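All residue numbers for the sequence shown refer to the working numbering, where the first residue is 4 and numbers rise by one. Heads up, the thing below is written out as C-alpha cells.
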Amino acid sequence: MQETRLSTASGNTTALDRVLGEEARILTREPVFINRFVRAEFLNVSFSQAGAPDSGGRLFLYPVADNQYHLHLLFLQPKETLPEGAVCWLQFLPEFFDMFEQEVLVNHTPFRFDQTTELEFIICQQSAGLLTQLEGLTALTSLLQSLQLTELSIQLLRRAIEHITVPFTVCPVPACRFLAHESEREKIHEARRILEESIDQPVTIRELSRRVAMNECYLKKGFKTLTGKTINEFQQDLRITRAKELLQQQGQTVSDVASALGYSSISHFSTAFKKATGMKPCELLG
4 MQETRLSTAS
14 GNTTALDRVL
24 GEEARILTRE
34 PVFINRFVRA
44 EFLNVSFSQA
54 GAPDSGGRLF
64 LYPVADNQYH
74 LHLLFLQPKE
84 TLPEGAVCWL
94 QFLPEFFDMF
104 EQEVLVNHTP
114 FRFDQTTELE
124 FIICQQSAGL
134 LTQLEGLTAL
144 TSLLQSLQLT
154 ELSIQLLRRA
164 IEHITVPFTV
174 CPVPACRFLA
184 HESEREKIHE
194 ARRILEESID
204 QPVTIRELSR
214 RVAMNECYLK
224 KGFKTLTGKT
234 INEFQQDLRI
244 TRAKELLQQQ
254 GQTVSDVASA
264 LGYSSISHFS
274 TAFKKATGMK
284 PCELLG
C-alpha cells in the first residue's frame, strides 16, 4: 500500500498536521463531493506506537474577511488495527456562512472572535453514526445524494459546536479582507504548492510573491492565516521532515543530506536540525 507523508500531501494540510502530528502517514484518502460550499475527505492514517493522538474532534476557524470564515472539522477515531486511525475532514467554505445573519453567528463560539481559533470537542455516539452514514451513503440520484450529504455535514457541524469541551485558543492572526476572494486564496495555495515542490531549493518571499502575482505583505499575511505558519516556518518544517527521511536511507551522509536540501554548510544544517528536533543529524543515520 502506498504511504504518503502528511506534510507532502496535496491541499491545505495544516489542520491535519495540528491534529495528527508530523509522524503520521496517510495510507489512503478518499474525497467525497458534497456541494460547492462543503468539502469532505476520508483518510486512513498510520501512527507510530508512541505518537498516536487521542481520539476526538477538532474545529479550526480561519477568518478570511469581516464576517467571513473558512471552517475545518476533523474527526479522529481509532481502528481495530492499531496504531491506525480513521479521519473525516470537513471544510466549510466562506460562501457556506452567507446563509446566516452575522448576529446569529457571533452569539456562538467560535464566531464571536475575528481571529484564528482552535477548539476541541467530543465525538458523541450520534456523531459517530453520522460519520458512518456520510462515508457510506448512496442514493438513487446525484441530487438526492448531495442533499443527504449536505444534511449530514450540517448535523455534524451542529453537534461539534454543541460538544465543545475545551476552552478555545485564539491565535493572534488578524483577518485578511482580501482572502474573501477565492482567486486570492488560490494564490496562497499555489504558493504552498511551490514551496512543497522546491524543498531542495528554498524560495525567497520576493520570488514567491512574483510567481503567484501577489503583494509580499498580502502573501505573508494570507499564508499565515490559511496555514497557521509563516512562510519561513513552513519551508523549514518541509526541509527538516525531508532531512529525516534522507538520513534514514542507507548510504546517506550528513554532508549528502545538507547538500541535497540546499544548506550552505553542514554546520548550518546541523544547527537547524537540532533546533527543530532536539537531535543531531548523525543520530538518525541509517
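Positions of the beta carbon are idealized from the N, C-alpha and C atoms, including for glycine. Fair warning: this is a prediction, and the values are worked out from it, not measured in the lab.
Could you check where the beta strand (DSSP E) with residue i kicks off and where it finishes?
i, result
"C127", "No beta strand (DSSP E) holds C127; DSSP gives it neither H nor E."
"I29", "R28 to F36"
"H73", "Q71 to P81"
"E44", "V41 to S49"
"G88", "E87 to F95"
Roughly how far, in whole angstroms, is the beta-carbon of residue i from the beta-carbon of residue j, given that I think they are within contact range, below 8 Å?
i, j, result
"E123", "R32", "About 23 Å; that fails the 8 Å criterion."
"G59", "I167", "Not confirmed; about 11 Å, so no contact."
"S149", "N38", "6 Å"
"A68", "A183", "4 Å"
"T233", "T119", "So it is not a contact: roughly 13 Å between Cβ atoms."
"V95", "L74", "Checking the displayed sequence, the identity of residue 95 turns out to be Phe instead of Val. With 8 Å as the limit, F95 and L74 qualify as a contact, their Cβ atoms being about 4 Å apart."
"F63", "E106", "The Cβ separation is near 23 Å, so there is no contact."
"L137", "A43", "7 Å"
"F114", "Y72", "7 Å"
"K223", "I208", "7 Å"
Under 8 Å between the Cβ atoms of residue i and residue j?
i, j, result
"G88", "P97", "no"
"L160", "F78", "no"
"I197", "L211", "yes"
"V41", "L93", "yes"
"T2", "R195", "Only positions 4 to 289 of the chain appear in this structure, which leaves residue 2 out of reach."
"L241", "E199", "yes"
"I191", "F226", "yes"
"P66", "D20", "no"
"A163", "L23", "no"
"C91", "F50", "no"
"C285", "V257", "yes"
"A275", "Q239", "yes"
"E189", "F181", "no"
"Q251", "L287", "yes"
"V215", "E193", "yes"
Going by DSSP, name the residue or residues bridged to residue i.
i, result
"G60", "F78 and F124"
"I167", "F124"
"Y65", "H73"
On the DSSP letters alone, give me the boundaries of the alpha helix (DSSP H) that residue i sits inside.
i, result
"Q238", "I234 to L250"
"F276", "I269 to T280"
"I202", "From DSSP, I202 is part of no alpha helix (DSSP H); its letter is neither H nor E."
"K283", "Here K283 belongs to no alpha helix (DSSP H), and DSSP marks it neither H nor E."
"G225", "E219 to T230"
"D259", "V257 to A263"
"E210", "I208 to V215"
"Q105", "Q105 to V109"
Kindly say whether residue i, judged by its beta-carbon, lies nearer than 8 Å to any beta-carbon of chain D.
i, result
"K82", "Among the chains in the structure shown there is no chain D, since it carries only a single protein chain."
- Taking 8 Å as the threshold, find out whether the stretch 96-107 comes into contact with the stretch 136-155 through three or more Cβ pairs. no
- Item | Touch test, the stretch 276-288 against the stretch 239-249, Cβ-Cβ under 8 Å, three pairs minimum | yes
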